[in-house]
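For reference, the structure is listed below as structure tokens.
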Amino acid sequence: QKEVEQDPGPLSVPEGAIVSLNCTYSNSAFQYFMWYRQYSRKGPELLMYTYSSGNKEDGRFTAQVDKSSKYISLFIRDSQPSDSATYLCALKPPAAGNKLTFGGGTRVLVKP
Amino acid sequence: GAVVSQHPSWVICKSGTSVKIECRSLDFQATTMFWYRQFPKQSLMLMATSNEGSKATYEQGVEKDKFLINHASLTLSTLTVTSAHPEDSSFYICSAGGRAGANVLTFGAGSRLTVL
Chain A
1 QKEVEQDPGP LSVPEGAIVS LNCTYSNSAF QYFMWYRQYS RKGPELLMYT
51 YSSGNKEDGR FTAQVDKSSK YISLFIRDSQ PSDSATYLCA LKPPAAGNKL
101 TFGGGTRVLV KP
Chain B
1001 GAVVSQHPSW VICKSGTSVK IECRSLDFQA TTMFWYRQFP KQSLMLMATS
1051 NEGSKATYEQ GVEKDKFLIN HASLTLSTLT VTSAHPEDSS FYICSAGGRA
1101 GANVLTFGAG SRLTVL
């Protein structure tokens, strides 16, 4: 079993819809949670970073963490075709320095 | 914000030659850099952790003599693919972290290597 599970997709939605992405993890030591967006043939870029249970909102993006269930989510409201990309969750325990554990990534396609 | 520059973005080489990829942190000092490999439609696979002034730490299954990593300064790490073969063709991405304890990594734009 992988430490972090993420549905590979692809997830296809119409423009304007809410995109819902999630990752589950097995290691309760993970305390820091990130979501990265990766366009084709580009490096990942950080979207959201959180370290506590609950919701964190930034513009159209909301990150949700439920440590008791070992489940994290990313919601994208009012999705745009430019949101079409692969979304990677990344997790880290406190003592791992900068070393992140990545999910497999979910491909998202927002159709105009 | 933190910027990581990776060069070259695209390289084609003949089988048996060596290729060097550079990763630079432009506006911060990176005590640690990471090198990843990514195959099409797959996630990032960590190859090694590069620490400034010391030897890199390689992940299990990654050949140290094949993928040489040097982190001679706080702003530059290099990955050299030695005696490249077609199976080494891949997308290589570096990331950099700042001071110890910082939790967020900044990624380079990646380097696409094609070995003929």
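Protein sequences, first through last, are from chains A and B. The letter at position 94 of the first sequence is residue 94 when you use our numbering, and the numbering goes up by one with no holes. So our numbering is basically just the index in the second sequence, starting at one, shifted up by 1000. No residue lacks a Cβ here, since even glycine has one placed at the ideal position from N, Cα and C.
Asked, Found
"Backbone CA spacing between Gly103 of chain A and Ala63 of chain A [nearest angstrom]", "15 Å"
"7 Å Cβ cutoff met for Val19 of chain A and Ile72 of chain A", "no"
"Spatially closest choice to Tyr66 of chain A from A:Val108, A:Arg60 and A:Asn55, by CA coordinates", "For clarity, residue 66 of chain A is Asp in the given sequence; the question names Tyr instead. Selected option, being the one with the closest Cα: A:Asn55."
"Segment limits, beta strand (DSSP E) that includes Leu21 of chain A", "Val19 to Tyr25"
"Contact with chain A by Val1104 of chain B, beta-carbon distance below 7 Å", "yes"
"DSSP three-state assignment for Asp83 of chain A, whether helix, strand or coil", "helix"
"Residues within the stretch 34-59 of chain A neighbouring chain B, beta-carbon criterion of under 9 Å", "Met34, Tyr36, Gln38, Arg41, Lys42, Gly43, Pro44, Glu45, Leu46, Tyr49 and Tyr51"
"Range of the contiguous beta strand (DSSP E) that encloses Gly1110 of chain B", "Segment: none, Gly1110 of chain B is in no beta strand (DSSP E) and carries neither H nor E."
"Short Cβ contact (7 Å threshold) for Glu3 of chain A with Asn27 of chain A", "yes"
"Interfacial residues, the stretch 86-102 of chain A to chain B, with Cβ spacing under 7 Å", "Leu88, Lys92, Gly97, Asn98, Lys99, Leu100 and Phe102"
"Boundaries (first-last residue) of the beta strand (DSSP E) holding Val1004 of chain B", "Val1004 to His1007"
"Through-space distance from Asn98 of chain A to Gly1101 of chain B, alpha-carbon basis", "In this prediction, Gly1101 of chain B has a pLDDT of 46, which is less than 50 and means its spatial position is unreliable; what the coordinates show is noted afterwards. The alpha-carbon atoms of Gly1101 of chain B and Asn98 of chain A are separated by roughly 7 Å."
"Residues of the stretch 1035-1057 of chain B whose Cβ lies closer than 8 Å to any Cβ of chain A, in chain order", "Lys1041, Gln1042, Ser1043, Leu1044, Leu1046 and Thr1049"
"When B:Thr1080, B:Ala1109 and B:Ser1025 are compared against Lys1066 of chain B, the one with the closest alpha-carbon", "B:Thr1080"
"Chain A within 7 Å of Ala1109 of chain B, Cβ atoms only", "yes"
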